[in-house]
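Enquirer: Protein sequences, first through last, are from chains G and Y.
Numbering-wise, the working numbering comes out as the position in the first sequence, counting from 1, plus 3.
Numbering-wise, the working numbering comes out as the position in the second sequence, counting from 1, plus 416.
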Amino acid sequence: MTDEEQNRLYWQGLREGDKESFFSLYNNTYFHLVRWGLKITANDEMVKDCVTQLFFSLWDKRHKLNPVTNVRAYLFTSLRRMLIDQLGHHSKIDAAITHLADEEVQGELSYEEIIVRVQHDEELKQKLHRALEQLTPRQIELIRLVFFEGLTYEEVAARTSQSIKTAYNTIYNAIQLLRKLLK
Amino acid sequence: MDISSYTTEDFVCDESFRNYCSGSDRAAVQFWKAWIRDHPEKTGEVREAERLISILNARQGNVQEQLEQLKDGILRFDLLKTTISGESEKAQAVRWRYVAGIAAAFLLLAVAFWLLTPGGRTVPGRTVAQEIRSGREPRKTVVLPDGSVVTLHSNTTLTLVEGFGNTGRELTLSGEALFDIAHGGQHPFIVHTSAVDVEVLGTLFNLNAYPQAGFTETSLFRGKIAVSLKDHPEQKVILTPSQKSVVFNSPGKIETAPGDSLLKKASLSVDPVNHKAKEIAWVRSRIKIEDEPLEAIAGRLQAWYGIPIVFADDETKGYRYSGTFESETVVKALEALQLSYPFNFRVEKDTIIIGK
């Protein structure tokens, strides 16, 4: 069964008020939603809060939910709407953020932008920015697939047409360098 | 490759270690938790590896921890529903929006405010004698002057009134704590929170009264307690074991029908897996001991309950135990151990002393 077929079953369970289906749906989609959210705004706290709130509201209106064919797409759209609302709300508070929000909502953030922006510590931001410049594009791409997208070495090897060992070694060397630079 | 010789990079590049960090694989979580506990010498490498992984995954977080938060929120939400049921259908429909709003707000605030230290409320008009704070410690256990043992959850403040133990036994709680109250002669034991007052004889109960949480929950496990509303002391409920009372702190938003009390009784929420009350899951320890000396076990109890445990003599340190046991308080844990070996322990100020 594909992920999406599973999600449809969980969705059906949720509509019938089954808590286990609901929690399974959460487990099955959490990382997809967080990653999707981070590409809209690199504020991990806001993204995680919105994901929780999204599921909370699903539970609240479970008996009124309609059948959905593409569950993940439905969740993505709902999360996006919530994040944009949140960003809009923030922007009312702070004009400086308005600018940021507009900029963020327009395009998708790159992996490097996201991991630098979610850091709170200015010094670490700088270090990370400089460290990423030391890596080859190939290394960054493999690190993104493994750490951000959560792929296994096997999946990475298949996707980039190289052996598992080569993929592992490339990442290992990159991590060695990053560790030194991020001390 | 042997894990004990892992470098930081080896941990970072280990697929199963990453699954432990993200909480996406239960078996990996179980394995690494145990392994890390048993290899304190590798703590440095493990922490650094966790830090690097968190940077590289853009702080996506741990799905299991996030799910627990959601479950907790839904539990409280459903509880709220039972608490307000029994009111008229029409009133309920109107109130429903408020409830959803409050519960959702709670979810959002819970994380944001978790790290902020709440300001300790004091009993008005009295001199403050002593303040006990848990700060960011997950649990901190203290022994009060009257012999009662209290375990504080994080960011919790207890304020004892002057002369506690001599002229009375009253204190103020901001946060959450589990109380094991000593039978106390002539003075009743009274806990004040911003919403309710709890009067106790000798008993075991948990009181959850974080100021930002929007509710005050009193759960009783042993004995008998009376909970009364701070602003309406005539509104009072008596709890018997396995019952709890929940009060929402903004009565202005939840209107009650005339004659209807804000104080409601409910049963404790039972965890379907271990059949134990969820209300005190934060403090219950489950300790698995495999032929370990009492000194090592005491070290683990000390770390869990947040109270120093010292030995008065060397012989007891060497007593060896095996087995698994669960207990709510550090005193219960030591009493369970006493069944196998005849040692004694006493509590003095903020320390437990084990001797022959």
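Just so you know, even glycine gets a beta-carbon here, dropped at the ideal spot from N, CA and C.
Predicted model, so just to flag it, every value in this text is computed and none were measured.
1) Ordered along the chain, which non-local residues of its own chain (more than five positions away) have a Cβ less than 7 Å from that of Y/Val699?
2) Are the C-beta atoms of Y/Ala792 and some chain G residue less than 8 Å apart?
3) Does G/Thr55 come out as helix, strand or coil in the three-state DSSP assignment?
4) Using beta carbons (cut-off 8 Å, strictly below), is G/Gly16 in contact with chain Y?
5) Checking 8 Å against the spacing of the C-beta atoms, do Y/Leu645 and Y/Lys660 come in under that value?
6) Please state whether DSSP places G/Leu138 in a helix, a strand or coil.
7) Taking the C-alpha atoms as reference points, what is the distance between G/Lys125 and G/Leu68?
8) Would you mind telling me which residues of chain Y sit closer than 9 Å to G/Gln142, beta carbon to beta carbon, in chain order?
9) Have a look at G/Arg84 and G/Asn10 and give me their C-alpha separation to the nearest angstrom.
10) Which residue from G/Arg141, G/Ile43, G/Gln129 and G/Arg182 puts its Cα closest to that of G/Arg162?
11) Establish whether the CB of Y/Val726 and some CB of chain G are separated by less than 8 Å.
12) Assign Y/Gln546 to one of three DSSP states: helix, strand, or coil.
13) What beta strand (DSSP E) runs, 3 residues minimum, are completely inside the stretch 555-628 of chain Y?
14) In terms of residue numbering, what span does the alpha helix (DSSP H) encompassing G/Ile118 cover?
15) Counting pairs of Cβ atoms below 8 Å between the stretch 755-765 of chain Y and the stretch 608-615 of chain Y, do you hit three or more?
16) So what does Y/Asn760 bridge to, in DSSP terms?
17) Looking at chain G, which residues of the stretch 458-485 of chain Y have a Cβ within less than 7 Å of any of its Cβ atoms?
18) Go through its chain and collect everything with a Cβ distance to Y/Arg434's Cβ below 7 Å, but skip five positions before and after it.
19) Classify G/Ala128 as helix, strand or coil using the three-state DSSP reduction.
20) How big is the Cα-Cα spacing for Y/Arg585 and Y/Gly579?
21) Check this for me: beta carbons of G/Ala45 and G/Glu116, under 8 Å apart or not?
22) If we call anything under 8 Å between Cβ atoms a contact, is G/Tyr175 one with Y/Cys437?
23) Hey, would you say G/Phe25 sits closer than 8 Å to G/Leu17, going by beta carbons?
24) Can you grab the Cα-Cα spacing for the pair Y/Ala693 / Y/Arg475, in whole Å?
25) Indicate whether at least one CB of chain Y lies closer than 8 Å to the CB of G/Asn30.
26) Rounding to the nearest angstrom, what Cα-Cα distance links G/Met49 and G/Asp21 in this structure?
27) Tell me which residues share the same chain as G/Trp62 and place their Cβ nearer than 7 Å to its Cβ, disregarding the 5 neighbours each side in the sequence.
28) In the structure shown, what three-state DSSP assignment does Y/Asp488 receive?
29) Roughly how many whole angstroms lie between the Cα atoms of Y/Met417 and Y/Tyr757?
30) Closest by CA to Y/Arg638, which one among Y/Ile606, Y/Val607 and Y/Ile597?
31) Tell me Y/Thr740's beta-bridge partners as DSSP assigns them.
32) Quick one: which residues of the stretch 49-77 of chain G get their C-beta closer than 8 Å to a C-beta of chain Y? List them in chain order.
33) Y/Leu755: buried (16+ other C-beta within 10 angstroms of its C-beta) or exposed?
34) According to DSSP, what are the bridge partners of Y/Phe631?
Expert: Looking at the atomic coordinates:
1) The residue you call residue 699 of chain Y lines up with position 283 of the second sequence. Residues Arg555, Thr567, Leu594 and Glu744 of the same chain have their beta carbon placed closer than 7 Å to that of Y/Val699, with the five preceding and five following residues left out of the count.
2) Here chain Y has residues from 417 to 772 only, and residue 792 of chain Y is not among them.
3) By 1-based counting over the first sequence, the position of residue 55 of chain G is 52. In this structure, G/Thr55 counts as helix in the three-state DSSP scheme.
4) The sequence position of residue 16 of chain G within the first sequence is 13, counting from 1. Output row for G/Gly16: interface = no.
5) Translated into the one-based positions of the second sequence, residue 645 of chain Y becomes position 229. Translated into the one-based positions of the second sequence, residue 660 of chain Y becomes position 244. Not closer than 8 Å, so no.
6) What you label residue 138 of chain G is simply residue 135 of the first sequence in a count that begins at 1. Three-state result, G/Leu138: coil.
7) Mapped onto the first sequence, residue 125 of chain G falls at position 122. Mapped onto the first sequence, residue 68 of chain G falls at position 65. Here the sequence assigns Glu to residue 125 of chain G, which means Lys is not the residue at that position. Cα to Cα, the separation comes out at about 44 Å.
8) Numbered from its first residue, the first sequence carries residue 142 of chain G at position 139. Within 9 Å Cβ-Cβ: nothing; G/Gln142 doesn't reach chain Y, min ~12 Å.
9) On the first sequence, position 81 is the one that residue 84 of chain G refers to. On the first sequence, position 7 is the one that residue 10 of chain G refers to. G/Arg84 and G/Asn10 have their C-alpha atoms spaced approximately 21 Å apart.
10) Within the first sequence, residue 162 of chain G is the residue found at index 159, counting from 1. Minimum Cα distance to G/Arg162 is reached at G/Arg141.
11) Here the question's residue 726 of chain Y lines up with position 310 in the second sequence. Chain G places no beta carbon closer than 8 Å to that of Y/Val726, leaving this residue out of the contacts.
12) Here residue 546 of chain Y refers to the residue found at position 130 of the second sequence. Note: Y/Gln546 maps to strand in three-state DSSP.
13) Runs of the beta strand (DSSP E) inside the stretch 555-628 of chain Y: 555-559, 565-569, 573-577, 585-596, 605-608, 612-616 and 620-625.
14) Start at 1 with the first residue of the first sequence, and residue 118 of chain G comes out as number 115. Counting along the chain, the alpha helix (DSSP H) containing G/Ile118 begins and ends at Tyr114 to Arg120.
15) Segments in contact, no.
16) Numbered from 1 along the second sequence, position 344 holds the residue referred to as residue 760 of chain Y. DSSP output for Y/Asn760 lists Y/Gly771 as bridge partner(s).
17) Those residues of the stretch 458-485 of chain Y that come within reach of chain G (Cβ to Cβ, closer than 7 Å) are Leu468, Ile469, Ile471, Leu472, Asn473, Ala474, Arg475, Gln476, Gly477, Val479, Gln482, Leu483 and Gln485.
18) Numbered from 1 along the second sequence, position 18 holds the residue referred to as residue 434 of chain Y. Correct list, in chain order: Ile469.
19) Reading the first sequence from its first residue, position 125 is the one you call residue 128 of chain G. For the record, residue 128 of chain G in the displayed sequence is Lys; it is not Ala. In the structure shown, G/Lys128 sits in a helix (DSSP, three-state: H, G or I).
20) Start at 1 with the first residue of the second sequence, and residue 585 of chain Y comes out as number 169. Start at 1 with the first residue of the second sequence, and residue 579 of chain Y comes out as number 163. Those two C-alpha atoms are separated by around 8 Å.
21) Reading the first sequence from its first residue, position 42 is the one you call residue 45 of chain G. Reading the first sequence from its first residue, position 113 is the one you call residue 116 of chain G. Yes. Within cutoff.
22) Within the first sequence, residue 175 of chain G is the residue found at index 172, counting from 1. Within the second sequence, residue 437 of chain Y is the residue found at index 21, counting from 1. Result no, Cβ atoms of G/Tyr175 and Y/Cys437 do not sit closer than 8 Å.
23) For this step, residue 25 of chain G is matched to residue 22 along the first sequence. For this step, residue 17 of chain G is matched to residue 14 along the first sequence. Yes.
24) The residue you call residue 693 of chain Y lines up with position 277 of the second sequence. The residue you call residue 475 of chain Y lines up with position 59 of the second sequence. Y/Ala693 and Y/Arg475 have their C-alpha atoms spaced approximately 32 Å apart.
25) Counted from its first residue, the first sequence places residue 30 of chain G at position 27. At least one CB atom of chain Y sits nearer than 8 Å to the CB of G/Asn30.
26) Translated into positions along the first sequence, residue 49 of chain G becomes position 46. Translated into positions along the first sequence, residue 21 of chain G becomes position 18. Each residue's alpha carbon lies about 28 Å from the other.
27) Translated into positions along the first sequence, residue 62 of chain G becomes position 59. Residues Phe25 of the same chain have their beta carbon placed closer than 7 Å to that of G/Trp62, with the five preceding and five following residues left out of the count.
28) Your numbering for residue 488 of chain Y matches position 72 in the second sequence. In the three-state scheme derived from DSSP, where H, G and I count as helix and E and B as strand, Y/Asp488 is classed as helix.
29) Mapped onto the second sequence, residue 417 of chain Y falls at position 1. Mapped onto the second sequence, residue 757 of chain Y falls at position 341. Per the coordinates, the alpha-carbon of Y/Met417 lies some 41 Å from the alpha-carbon of Y/Tyr757.
30) Counting from 1 along the second sequence, the entry for residue 638 of chain Y is found at position 222. If we check each option's Cα against that of Y/Arg638, Y/Ile597 comes out closest.
31) The sequence position of residue 740 of chain Y within the second sequence is 324, counting from 1. Residue pairing of Y/Thr740 in beta bridges, as defined by DSSP: Y/Lys704.
32) The residues in question are Lys51, Asp52, Val54, Thr55, Gln56, Phe58, Phe59, Ser60, Trp62 and Asp63.
33) The residue you call residue 755 of chain Y lines up with position 339 of the second sequence. Burial call: exposed.
34) The sequence position of residue 631 of chain Y within the second sequence is 215, counting from 1. The partner list for Y/Phe631 (beta bridge, DSSP) reads Y/Phe664.
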